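Everything in the sequence shown is counted per the working numbering, starting at 32 for the first residue and increasing by one.
To keep things clear, I will list the structure first and then write my remarks on it.
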Amino acid sequence: MHATLDDLVLALYVMIDDLLRAYPERLPPRPKVGFAPKISDAELVTLAVMQALAGYTSERRWLRHARQHLSAMFPDLPLQPGYNKRLRKLAPTMRWLISMLAIDTAIANDDVWVVDSTPVECARSRETVKRSDLAGWAE
């Protein structure tokens, strides 16, 4: 079986929605009056998790991508200021949800962790190399 991005989004949304329905006290309080949001908190958190998984650091770029590729699943995407404002209010909820999602995977208790092995350039200048405690070791 080959899972698609749509399958991942759907599975993630169902898990998040089930958790938020089981623990409604984890959600920030909503005002008694005013317009109801067109997109649910579960949908918004799902979008934020997908943004992180896809590696988007810009909310504007992510929302542009989501409008192009995920509009069938999320037809009422908010504009960037509204997305940002609601995500900030949901920050404690998101921290809790991520810990709950981590408990549901083997990675939380695994003995082996995969780390990012991307090389990062450092000590390029000659002055930095000369004053380093490791000067001469890499030659």
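C-beta: ideal position from N, C-alpha, C; glycine also.
Just so we're clear, the structure is a prediction, and the values are computed from it rather than from any experiment.
If residue i sits next to residue j, beta carbons under 8 Å apart, how far is it from one beta carbon to the other, in whole angstroms?
| i | j | result |
| --- | --- | --- |
| ASP128 | PHE105 | It is Leu, not Asp, that sits at residue 128 in the sequence shown. About 17 Å separates the two Cβ atoms, so there is no contact after all. |
Could you tell me whether the Cβ atoms of residue i and residue j are closer together than 7 Å?
| i | j | result |
| --- | --- | --- |
| PRO59 | LYS120 | yes |
| ALA73 | LEU51 | yes |
| ARG126 | LEU75 | no |
Using the three-state DSSP reduction, which class does residue i fall into: helix, strand or coil?
| i | result |
| --- | --- |
| LEU41 | helix |
| ILE70 | coil |
| GLY113 | helix |
| ASP49 | helix |
| GLU90 | helix |
| PRO123 | helix |
| THR159 | helix |
Excluding five sequence neighbours on each side, which residues of the same chain lie with their C-beta closer than 7 Å to the C-beta of residue i?
| i | result |
| --- | --- |
| LEU94 | LEU108, GLN111 and TYR114 |
| LYS63 | none |
| ARG98 | LEU108 |
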